[in-house]
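A.B. asks: Protein chains in written order, with numbering that gives the first Met the number 0: chain A, 0 to 432; chain B, 0 to 278.
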Amino acid sequence: MGTLTIPLSRIEGHARVVVHFRGEEVISAHFQATELRGFDYFVQGAPAEQMPVIVPRICGVCSTAHHIASVKALEHAYQVTPPPKAVRVRELMMLGQLIQNQATSLFMFTMPDFPGEEGLPSLFHFGAEDASLAPKAFQVRRAGTNLITLAGGQFIHPIKAVVGGVTAGIPAEAAARMHRELADTLPLARQLFERYWELFVGLKERIDTLGDDAPTYYLASVEPGHAYYGDQIHVLAPDGKREASFPACDYRQYLTEVPTETSYSDGTLFKGQLLRANSLARVNMLPRMGTPLADEYLTRFREEWGHPAHAILLFDVARGIELVYCLERAIELLEENLAEGDFRVPYTPRDGEGCGLVEAPRGPLIHHYQINKGLIEQVKFVIPTQHNILAIERALEVAARRYITERGISLELERAVGRVVRAFDPCIACATH
Amino acid sequence: MSTSFAVLQLSGCAGCEVSLINAEGWFQEQRLAYMPLIISSEDVPEVDTLLVSGAVRTDEDMYRLRHAARQAQRVVAVGTCAISGGVANLGDRPEVRELFFADNERRHVPRLLPKPRPVDAAVPVSLYLPGCPPTPELFMAALFDREGFEGSKTVCIECGRKKTRDRPKDLLGSQSGEVDPEICLINQGYLCVGSSTRGGCRAPCTRAGNPCVGCRGPSDGFISRSSQEWFDAIKKVFQRMTDIPEEQIDQAVRSPQLALFVFQFADYAAVPRDVEKVL
């Protein structure tokens with residue numbers, strides 16, 4: 000039996016792909032997460048109210064999502080409802096999180112895969128024609144981190160969401176400045192996305208596939224007009240019909256964890272079936288995006304690839320639609336008065352159980368806490384990347400079969416493996432935590 | 000000043016890399032030769048500077064670090080995990096450790112070391128960039144001439160909350176109830192360690208009402224001293240400013256439940272660092 004170990008780059012964290020084959024027959028393709036810190040163990044005994052400060056450290060890329068999920072889990076346990084304006088500020092944090100993440104995934108992780116016969120090692124290797132790409136990509140990404148800083152206090156490991164609300168609103172002048180910055184960023188993001196789309200179509204023509212396109216279940220906590228704040232979790236069936244909707248704490252009735260011995264990240268099934276989360280799940284689930292420019296892109300996307308769309312490389316294009324949506328949505332929210340009003344309600348800590356949900360860049364993220372005597376007794380982090388682990392492995396098998404044939408192993412295999420994994424934008428620090 | 004550098008990421012959260020990307024200023028003038036997060040390349044080439052983030056958590060981390068360090072003129076330990084093992088050291092308690100290893104040793108992936116170790120437990124380090132994560136300014140100071148770079152003081156100095164004569168009688172813990180927006184958190188009875196924590200972050204946590212958990216490590220005065228001296232200094236601050244019984248403070252600082260911040264200092268006492276090497 001042959002074994003190929005393919006290292007991965009341009010993803011968040013440490014992972015590799017191991018393909019087993021016999022002759023031209025592909026036996027398995029495993030996606031192995033190779034790091035582990037043990038957050039669900041070492042937070043045991045921590046003061047519950049300190050969780051929103053500890054858990055952002057699960058991931059420096061997704062720290063905002065963990066920060067807010069944590070606060071929402073405590074609010075669920077304490078039965079406290081934050082005022083609407085506090086929710087708005089948190090939504091702006093999430094939109095900043097998405098802008099930062101989608102810009103990074105689009106332009107730094109995946110776009111270098113598209114040009115020429117072999118792709119490029121990085122964003123910095125584009126030719127003269129795309130010389131302005133890197134500085135523009137940095138600028139779009141920075142708009143996202145600036146938005147997190149404004150709403151969340153700092154762009155990595157933010158601190159402004161607290162039980163009962165947020166520590167402060169957004170002063171009118173700062174909101175106006177941010178509004179201008181986002182308005183200036185939007186056309187840049189569109190230019191970059193147009194170029195991205197063009198190169199993506201070029202790639203499709205060269206490799207003549209968009210990868211695994213078998214219909215699948217999709218998981219996302221989005222509704223029209225949403226801002227990644229997460230209310231209910233929805234499941235879309237492979238035929239595009241709504242299959243189920245459930246609150247965060249019911250996750251065990253729908254999602255089962257599949258243990259593995261070859262990775263520090265387990266996978267997830269929906270009622271025994273393979274599922275997918277992340278950008279394509281959201282775009283498939285929403286009837287429309289709800290902002291003008293994003294909706295234009297969505298129409299174009301659906302004309303080209305249908306609805307629901309299933310080919311995995313479309314996760315990449317869906318991320319671009321979301322980048323435009325998040326910029327437009329954040330501009331809308333910044334037009335509201337977030338300077339004055341109620342940003343915080345008092346609360347009484349109590350023991351018990353609570354679940355907090357947000358729609359993180361990679362899908363629904365749940366923090367589930369059990370609190371005893373004010374201390375964390377047990378936690379469960381339900382991580383979006385885990386929902387995609389089995390879908391990644393199926394897509395890797397599809398790619399391996401395409402490029403391991405009676406003629407031998409094509410050099411395209413390694414590139415295809417990179418493209419498959421990056422389409423799902425897995426976050427290994429989160430998945431293993 | 001370096002002209003080429005590499006970024007080796009061990010077991011961490013990538014927050015340090017995100018902060019480096021936000022520093023931006025380097026990418027026109029410096030050759031980034033290796034950084035798997037954003038560049039696909041085979042192996043660490045010869046470089047002037049190797050930035051290492053994350054803790055040494057697995058035997059693969061240990062191997063990759065020792066392998067990469069040979070390629071560099073100097074090694075810079077970046078962030079709390081690389082300097083002291085980081086937040087995962089909260090699990091360095093017998094009851095947690097046992098459960099953790101029992102659950103995870105079955106996996107056929109890189110073997111976990113008994114505890115997360117700092118980078119200088121494996122290779123010599125020329126410079127330390129403290130912070131969780133270090134600010135973009137620190138990255139620029141590490142990669143370019145340090146001329147004009149001002150060393151940071153303490154979080155307390157950067158915080159700017161008003162100190163009062165209020166002397167709380169009980170410790171409120173780390174976060175609880177409504178926080179006064181103007182008054183020093185210690186005057187309100189919160190367990191804040193900003194008085195001996197390295198600044199440079201501009202105190203966003205304490206300004207927002209969250210007590211400092213010490214994520215940037217000890218200030219200059221405590222870097223090369225034992226953790227006992229550091230604990231004593233915190234106690235003295237509370238004795239001076241509050242009527243909270245000494246036992247309460249002592250217990251809070253030492254218990255793994257309340258003294259979350261101890262995680263950053265776990266290894267400082269074992270390997271005292273030269274103040275000159277800490278930015």
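From the three backbone atoms N, C-alpha and C, an ideal C-beta is built for every residue, glycine too.
1. Would you please verify whether the beta carbon of A/Val60 is less than 8 Å from any beta carbon of chain B?
2. Shorter than 8 Å from the beta carbon of A/Ala276 to some beta carbon of chain B?
3. Taking only beta carbons into account, state which residues of the segment 82-110 of chain A come closer than 9 Å to chain B, listed in chain order.
4. Note down the Cα distance separating A/Ala243 from A/Arg393, rounded to an integer number of angstroms.
5. Need the endpoints of the beta strand (DSSP E) that A/Tyr368 sits in, please.
6. Look at the alpha carbon of A/Leu356 and the alpha carbon of A/Thr80, and state the distance between them as a whole number of angstroms.
7. Closer than 7 Å, Cβ to any Cβ of chain A: which residues of the segment 98-113 of chain B, in chain order?
8. Going by DSSP, what residue range makes up the beta strand (DSSP E) through A/Glu358?
9. At 4 residues or longer, and completely inside the segment 5-67 of chain A: list those alpha helix (DSSP H) runs for me, N to C.
10. Name the residues in the segment 195-207 of chain B whose C-beta lies less than 7 Å from a C-beta of chain A; which are they?
11. Just the Cα atoms here: how many angstroms apart are A/Ile388 and A/Ala310?
12. Expressed to the nearest angstrom, what Euclidean distance is found between the alpha-carbon atoms of B/Gly147 and B/Phe237?
13. For the segment 58-91 of chain B, list every residue whose C-beta sits within 7 Å of some C-beta in chain A, in sequence order.
14. Listing by chain order, which chain A residues have their CB less than 8 Å from the CB of B/Arg56?
15. In whole angstroms, give me the CA-to-CA distance for B/Glu59 and B/Val74.
16. Answer yes or no: do A/Ile98 and A/Leu322 have a C-beta to C-beta separation smaller than 8 Å?
17. Output yes if chain A places a C-beta closer than 8 Å to the C-beta of B/Phe264; else output no.
18. Do B/Ser223 and B/Val274 count as a contact pair if the criterion is CB distance below 8 Å?
19. Report the neighbours of A/Arg9 on chain B: residues whose CB is nearer than 9 Å to its CB, in chain order.
20. When you compare the CB positions of A/Ser262 and A/Phe38, do they come within less than 8 Å of one another, or not?
21. Would the segment 138-155 of chain B count as touching the segment 88-105 of chain B if we require 3 or more Cβ pairs under 8 Å?
22. Could you name the residues of the segment 112-135 of chain A whose beta carbon sits closer than 8 Å to any beta carbon of chain B, in the order they occur along the chain?
23. Under a three-way DSSP split, which group does B/Lys276 fall into?
24. I need the DSSP call for A/His178, collapsed to helix, strand or coil.
25. If I follow the unbroken beta strand (DSSP E) through A/Arg401, where does it start and stop?
26. Kindly say whether B/Ser223, judged by its beta-carbon, lies nearer than 8 Å to any beta-carbon of chain A.
27. So that I know if they touch, is there some Cβ in chain A lying closer than 8 Å to that of B/Pro132?
28. Helix or strand or just coil, what does DSSP make of B/Arg56?
29. May I ask you to report which of helix, strand or coil DSSP gives B/Phe262?
30. When we look at the beta-carbon of A/Glu481 and count the other beta-carbons within 10 Å, is it buried (16 or more) or exposed?
31. With DSSP run on the structure shown, which of helix, strand or coil describes A/Pro425?
32. Measure from the C-beta of A/Phe459 to each C-beta in chain B and report whether the shortest distance is under 8 Å.
33. State yes or no: is the beta carbon of B/Val192 nearer than 8 Å to at least one beta carbon in chain A?
34. At a CB-CB cut-off below 7 Å, which residues of chain A make contact with B/Glu177?
35. Going along the chain, which unbroken runs of the beta strand (DSSP E) with 3 or more residues stay wholly within the segment 112-150 of chain B?
36. Indicate whether at least one CB of chain B lies closer than 8 Å to the CB of A/Glu260.
C.D. replies: Taking the coordinates as given:
1. Interface residue, yes.
2. It does not; no Cβ of chain B falls within 8 Å.
3. With the criterion set as a beta carbon lying under 9 Å from some beta carbon of chain B, the members of the segment 82-110 of chain A are Gln99, Thr103, Met107 and Phe108, in sequence order.
4. As the crow flies, the alpha-carbon of A/Ala243 is around 24 Å from that of A/Arg393.
5. For A/Tyr368, the enclosing beta strand (DSSP E) begins and ends at Gly362 to Asn371.
6. The straight-line gap from Cα to Cα measures roughly 14 Å.
7. Residues passing the 7 Å Cβ filter: Leu98, Phe99, Asn103, Arg105, Arg106, His107, Val108, Pro109 and Leu111.
8. Segment Gly351 to Ala359, the beta strand (DSSP E) holding A/Glu358.
9. Within the segment 5-67 of chain A, the complete alpha helix (DSSP H) runs of at least 4 residues are 38-41 and 50-53.
10. Of all residues in the segment 195-207 of chain B, Pro203, Cys204 and Ala207 have a Cβ within less than 7 Å of some Cβ in chain A.
11. Looking at the two C-alpha atoms, the distance is approximately 16 Å.
12. Whole-angstrom Cα-Cα distance: 35 Å.
13. Those would be Glu59, Val86, Ala87, Leu89 and Gly90, in chain order.
14. At a beta-carbon threshold of 8 Å, the residues of chain A lying near B/Arg56 are Glu34, Leu35 and Arg36, ordered along the chain.
15. When rounded, the distance between both Cα atoms is 18 Å.
16. Between A/Ile98 and A/Leu322, the C-beta gap is smaller than 8 Å, which places the two residues in contact.
17. Since pLDDT at B/Phe264 reaches only 49, below the 50 mark, its modelled position is unreliable, and the value read off the structure follows with that caveat. Using beta-carbon distances, B/Phe264 does not count as an interface residue toward chain A, since no partner is under 8 Å.
18. B/Val274 places its beta carbon less than 8 Å from that of B/Ser223.
19. What A/Arg9 touches in chain B: Pro35, Leu36, Ile37, Ile38 and Ser39.
20. Contact flag unset, no.
21. Too few Cβ pairs lie closer than 8 Å, so no.
22. Those residues of the segment 112-135 of chain A placed with their C-beta closer than 8 Å to a C-beta in chain B are Pro120, Ser121, Leu122, Phe123 and Ala133, ordered along the chain.
23. Three-state DSSP puts B/Lys276 in a helix.
24. Correct three-state label for A/His178: helix.
25. Looking at the DSSP string, A/Arg401 is not in any beta strand (DSSP E); the run it does join, the alpha helix (DSSP H), is Pro383 to Tyr402.
26. B/Ser223 does not count as touching chain A.
27. For B/Pro132, the nearest beta carbon of chain A is closer than 8 Å to its own beta carbon.
28. Residue state, collapsed to three classes: strand.
29. Low confidence applies here, because B/Phe262 scores a pLDDT of 47, under 50, leaving its location unreliable and the question unanswered by this model.
30. This structure gives no information on residue 481 of chain A, because the portion of chain A shown stretches from 0 to 432.
31. In the structure shown, A/Pro425 adopts coil according to DSSP, grouped into three states.
32. Chain A is shown from 0 up to 432; residue 459 of chain A falls before or after that span and cannot be answered.
33. Answer no: the Cβ-Cβ gap between B/Val192 and chain A never drops below 8 Å.
34. Those within 7 Å of B/Glu177 in chain A are Pro345.
35. Correct list: 126-128.
36. In terms of beta-carbon proximity, A/Glu260 lines the interface with chain B, with at least one pair separated by less than 8 Å.
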